[in-house]
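S.K.:
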Amino acid sequence: MIVVCKPGTSRERVETLCQWLQRFGVATSPIFGTGMTVIGLVGDTSAIDMETIALEDCVEKVMKVQEPFKRANRHFHPDDTRFAIGDIEIGGREVAVAAGPCSVETEAQIRDVARAVRASGAGFLRGGAFKPRTSPYSFQGLKAEGLRLLSLARQETGLPIVSEITDLGQLDLFLEHVDVIQVGTRNMQNFELLRELGQVRRPVLLKRGFSNTLEELCMSAEYIMSGGNDRVILCERGIRTFEPSTRNTLDLSAIPMLKRMSHLPVFVDPSHATGHAWMVESLSLAAVAAGADGLVIEVHNDPRHALSDGPQSLTPDAFDGLMSRLRTVAAAVGRAVRGPQQASQPARKDERTTS
Ligand code: PEP
Ligand code: MN
Numbered sequence: 094m095i096v097v098c099k100p101g102t103s104r105e106r107v108e109t110l111c112q113w114l115q116r117f118g119v120a121t122s123p124i125f126g127t128g129m130t131v132i133g134l135v136g137d138t139s140a141i142d143m144e145t146i147a148l149e150d151c152v153e154k155v156m157k158v159q160e161p162f163k164r165a166n167r168h169f170h171p172d173d174t175r176f177a178i179g180d181i182e183i184g185g186r187e188v189a190v191a192a193g194p195c196s197v198e199t200e201a202q203i204r205d206v207a208r209a210v211r212a213s214g215a216g217f218l219r220g221g222a223f224k225p226r227t228s229p230y231s232f233q234g235l236k237a238e239g240l241r242l243l244s245l246a247r248q249e250t251g252l253p254i255v256s257e258i259t260d261l262g263q264l265d266l267f268l269e270h271v272d273v274i275q276v277g278t279r280n281m282q283n284f285e286l287l288r289e290l291g292q293v294r295r296p297v298l299l300k301r302g303f304s305n306t307l308e309e310l311c312m313s314a315e316y317i318m319s320g321g322n323d324r325v326i327l328c329e330r331g332i333r334t335f336e337p338s339t340r341n342t343l344d345l346s347a348i349p350m351l352k353r354m355s356h357l358p359v360f361v362d363p364s365h366a367t368g369h370a371w372m373v374e375s376l377s378l379a380a381v382a383a384g385a386d387g388l389v390i391e392v393h394n395d396p397r398h399a400l401s402d403g404p405q406s407l408t409p410d411a412f413d414g415l416m417s418r419l420r421t422v423a424a425a426v427g428r429a430v431r432g433p434q435q436a437s438q439p440a441r442k443d444e445r446t447t448s
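Each residue of the sequence shown is one higher than the last, beginning at 94 in our numbering.
(1) Would DSSP call K352 helix, strand or coil?
(2) May I ask you to list the residues that DSSP assigns as paired with L407?
(3) What residue does the alpha helix (DSSP H) around L307 start on, and which one ends it?
(4) Could you tell me the distance, in whole angstroms, from the CA atom of A314 to the CA atom of T127?
(5) Determine the closest residue to M354 out of N166, I132 and G118, with distance taken between C-alpha atoms.
(6) What ranges does the beta strand (DSSP E) occupy inside the stretch 244 to 270, keeping only unbroken runs of at least 3 residues that lie completely in it?
(7) So does H365 have its beta carbon nearer than 8 Å to some heavy atom of the ligand MN?
(8) With respect to the alpha helix (DSSP H) encompassing V206, which residues constitute its N-terminal and C-terminal limits?
(9) Which residues, in chain order, sit with a beta-carbon under 5 Å away from any heavy atom of the ligand MN?
(10) For the stretch 235 to 255 against the stretch 302 to 321, do three or more pairs of beta-carbon atoms, one drawn from each stretch, fall closer than 8 Å, so that the two count as touching?
(11) Run through the DSSP bridge pairs and tell me what I141 is partnered with.
(12) What distance in whole Å lies between the Cβ atoms of V131 and I124, which are believed to be in contact at a cut-off of 8 Å?
(13) When every heavy atom of the ligand PEP is checked, does at least one fall within less than 8 Å of the C-beta of E391?
(14) Tell me whether E289 sits in a helix, a strand or coil according to DSSP, three-state version.
(15) Rank L114, E105, R104 and S103 by C-alpha distance to the C-alpha of V96 and give the top, closest one.
(16) Just checking my contact of V381 with V426 at CB under 8 Å: how many whole Å lie between their CB atoms?
(17) When every heavy atom of the ligand PEP is checked, does at least one fall within less than 8 Å of the C-beta of Q275?
(18) Do you know offhand how far A399's Cα is from E391's?
(19) Spell out the partners DSSP gives C151 in its beta bridges.
(20) Going by DSSP, what residue range makes up the beta strand (DSSP E) through L134?
(21) With DSSP run on the structure shown, which of helix, strand or coil describes R106?
(22) Indicate the three-state DSSP secondary structure (helix, strand or coil) for V197 in the structure shown.
(23) Near L419, which residues of its chain fall below 7 Å by C-beta distance, leaving aside the five closest residues on each side in sequence?
(24) Given 8 Å as the limit, tell me if E257 has its C-beta closer than that to any heavy atom belonging to the ligand PEP.
(25) Closer than 8 Å is the cut-off here; do at least three beta carbon pairs connect the stretch 262 to 275 with the stretch 206 to 216?
(26) What span of residues does the alpha helix (DSSP H) with P363 cover, start to end?
(27) Below 9 Å between beta carbons: does that hold for A351 and I317?
(28) Whole angstroms is fine: what's the gap from S346's alpha carbon to T109's?
(29) Would you mind reading off the limits of the beta strand (DSSP E) that contains V39?
(30) Whose C-alpha, out of M143, F162, H365 and T421, is nearest the C-alpha of S319?
(31) Smallest Cα separation from H356: which of S406, D150 and T174?
(32) Would you give the residue range spanned by the alpha helix (DSSP H) that V381 belongs to?
(33) Are there any heavy atoms of the ligand PEP lying less than 8 Å away from the beta-carbon of T334, as far as the coordinates show?
(34) Measuring from the CB of G368, is there a heavy atom of the ligand PEP at a distance below 8 Å?
(35) Beta carbon of D362: closer than 8 Å to some heavy atom of the ligand PEP?
(36) Which class does N166 belong to by DSSP, given the choice of helix, strand or coil?
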């Protein structure tokens, strides 16, 4: 952080300011120029409020030279973060694909979709049980029963489960049934929830708020990581822009930018980004070409009758086609996508990552 003093500030005033700044636990390094003086603050400045310093009478402006997040920051952790979930290494060579319905609706539906997406090569089953819907009159999810049905589908297929938590009170249920806890776009800055997820040892899929910057996304990851939970996946899922023809605007540049800012794995959700099933394949291919470590894709066995997000949901056949074309793109950029899997036996043991 750099503090620029107002022109004409006396040397004595700069020195008393330095002493005051040192109380924040940083070293100060003043540079006295002919017209103006600047003070470099060296050390951990993450807890220092720039506004407080700017209130001092002799301060012209305060500038950050480093991002305010540390644990999630590429500077402090130059290597990519990789961790295993089941038999997939997140952030490794393989592109992880989580597929499944927006909402869990019935046992038959979730089992059907789970079998189908697994057969096409998905590594995770996604499914919402607690649905944060814009309208209180829309289907709100099967809640605890939905999580139980996801567990059944996991037992049958071996696919680890990704599902969204919306309230801290649900945490025990999630630890029982869910392998990757999703924080949705609307809760990206629910700091109490994030802090609590820092206390558990379950991977978190953190979706970007639809009006949040990439730095804010990294700060939210920092909330989780500062509690000791390092297994955070960042997820771009489209942001609000002035363009009405898609549900959101997929910010593809977020992928290389996040990879530069952070060492955490980056996933992309092209379904919520566009709202149109017909756009999901091309944006999935683009996301992997741009360096995404994983995709989250909505798949429904009967999209026309889905209780939520039918228009953006792929049929199992369309998903299968997407996966085969994704393999070609992944290979072209030195990545791999799991091949079709036999439908008869589970992909992996029923062994949930410890909490
Ligand atoms: C979802 O994944 O079902 C969902 C609601 O996503 P988002 O939070 O990105 O809208
Ligand atoms: Mn959805």
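C-beta: ideal position from N, C-alpha, C; glycine also.
M.R.: In terms of the structure at hand:
(1) Counting from one through the sequence shown, the residue named residue 352 turns up at place 259. If DSSP states are grouped into helix, strand and coil, K352 belongs with the helices.
(2) Position 314 of the sequence shown holds residue 407. Under the DSSP definition of a beta bridge, L407 partners with V392.
(3) The residue you call residue 307 lines up with position 214 of the sequence shown. Unbroken alpha helix (DSSP H) run through L307: L307 to S319.
(4) The sequence position of residue 314 within the sequence shown is 221, counting from 1. The sequence position of residue 127 within the sequence shown is 34, counting from 1. Cα-Cα distance, rounded: 43 Å.
(5) Here residue 354 refers to the residue found at position 261 of the sequence shown. A check of alpha carbon separations from M354 across N166, I132 and G118 identifies N166 as the nearest.
(6) Segments of the beta strand (DSSP E) lying fully in the stretch 244 to 270: 254 to 258.
(7) On the sequence shown, position 272 is the one that residue 365 refers to. Yes; taking the cut-off as 8 Å, the Cβ of H365 has a heavy atom of the ligand MN nearer than that.
(8) Counted from its first residue, the sequence shown places residue 206 at position 113. Under the DSSP assignment, V206 falls in the alpha helix (DSSP H) whose first and last residues are E200 to S213.
(9) Ordered along the chain, the selected set is C195 and D402.
(10) Segments in contact, no.
(11) Within the sequence shown, numbered from 1, the residue matching residue 141 stands at position 48. Answer is none; I141 lacks a bridge partner.
(12) As a first step, residue 124 must be located in the sequence shown, where it is residue number 31. As a first step, residue 131 must be located in the sequence shown, where it is residue number 38. Cβ atoms of I124 and V131 come within 8 Å of each other, at about 5 Å.
(13) Taking the sequence shown and counting its residues from 1, the one referred to as residue 391 is at position 298. It does: the Cβ of E391 is within 8 Å (strictly closer) of some heavy atom of the ligand PEP.
(14) On the sequence shown, residue 289 is found 196 positions in, with the first residue counted as 1. Three-state result, E289: helix.
(15) Counting from 1 along the sequence shown, the entry for residue 96 is found at position 3. Among L114, E105, R104 and S103, the Cα nearest to that of V96 belongs to L114.
(16) Position 288 of the sequence shown, counting from 1, holds the residue named residue 381. Position 333 of the sequence shown, counting from 1, holds the residue named residue 426. The C-beta distance from V381 to V426 rounds to 7 Å, short enough to meet the 8 Å contact threshold.
(17) Translated into the one-based positions of the sequence shown, residue 275 becomes position 182. Because some heavy atom of the ligand PEP lies under 8 Å away, the Cβ of Q275 counts as near it: yes.
(18) Here residue 399 is taken as the residue at index 306 of the sequence shown, counted from 1. Here residue 391 is taken as the residue at index 298 of the sequence shown, counted from 1. Cα to Cα, A399 sits roughly 11 Å from E391.
(19) Here residue 151 is taken as the residue at index 58 of the sequence shown, counted from 1. Beta-bridge partners assigned by DSSP to C151: none are found.
(20) Position 41 of the sequence shown, counted from the start, is the residue given in the question as residue 134. It spans T130 to V135 - the beta strand (DSSP E) in which L134 sits, taken as one unbroken run.
(21) Numbered from its first residue, the sequence shown carries residue 106 at position 13. Of the three classes helix, strand and coil, the one that applies to R106 here is helix, per DSSP.
(22) Taking the sequence shown and counting its residues from 1, the one referred to as residue 197 is at position 104. Of the three classes helix, strand and coil, the one that applies to V197 here is coil, per DSSP.
(23) Reading the sequence shown from its first residue, position 326 is the one you call residue 419. Within the same chain, L419 has close Cβ partners S377, L378, V381 and V430.
(24) Working through the sequence shown from its first residue, we reach residue 257 at position 164. Result yes, Cβ under 8 Å from the ligand PEP.
(25) The stretch 262 to 275, when compared against the stretch 206 to 216, does not touch it at the 8 Å Cβ threshold.
(26) Here residue 363 refers to the residue found at position 270 of the sequence shown. Going by DSSP, P363 is part of the alpha helix (DSSP H) stretching over P363 to T367.
(27) Translated into positions along the sequence shown, residue 351 becomes position 258. Translated into positions along the sequence shown, residue 317 becomes position 224. Note on identity: in this sequence residue 351 is Leu, with Ala being the wrong assignment. It is not a contact, given that the beta carbons lie outside the stated cut-off.
(28) Looking up residue 346 in the sequence shown gives position 253. Looking up residue 109 in the sequence shown gives position 16. Cα to Cα, S346 sits roughly 45 Å from T109.
(29) In the structure as shown, the chain begins at 94 and stops at 448. Residue 39 is therefore absent and cannot be evaluated.
(30) As a first step, residue 319 is located in the sequence shown; it is residue number 226 there, counting from the start. If we check each option's Cα against that of S319, F162 comes out closest.
(31) Within the sequence shown, the letter at position 263 stands for residue 356. Shortest Cα-Cα distance from H356 to any of S406, D150 and T174 involves T174.
(32) Walking along the sequence shown from the start, residue 381 turns up at place 288. Segment A370 to A382, the alpha helix (DSSP H) holding V381.
(33) As a working mapping, residue 334 is identified with position 241 in the sequence shown. Annotation for T334 indicates a beta carbon at 8 Å or more from all heavy atoms of the ligand PEP.
(34) Numbered from 1 along the sequence shown, position 275 holds the residue referred to as residue 368. Result no, Cβ not under 8 Å from the ligand PEP.
(35) On the sequence shown, residue 362 is found 269 positions in, with the first residue counted as 1. Yes; taking the cut-off as 8 Å, the Cβ of D362 has a heavy atom of the ligand PEP nearer than that.
(36) For the purposes of this step, residue 166 is identified with residue 73 of the sequence shown, where counting begins at 1. N166: strand per DSSP, three-state reduction.
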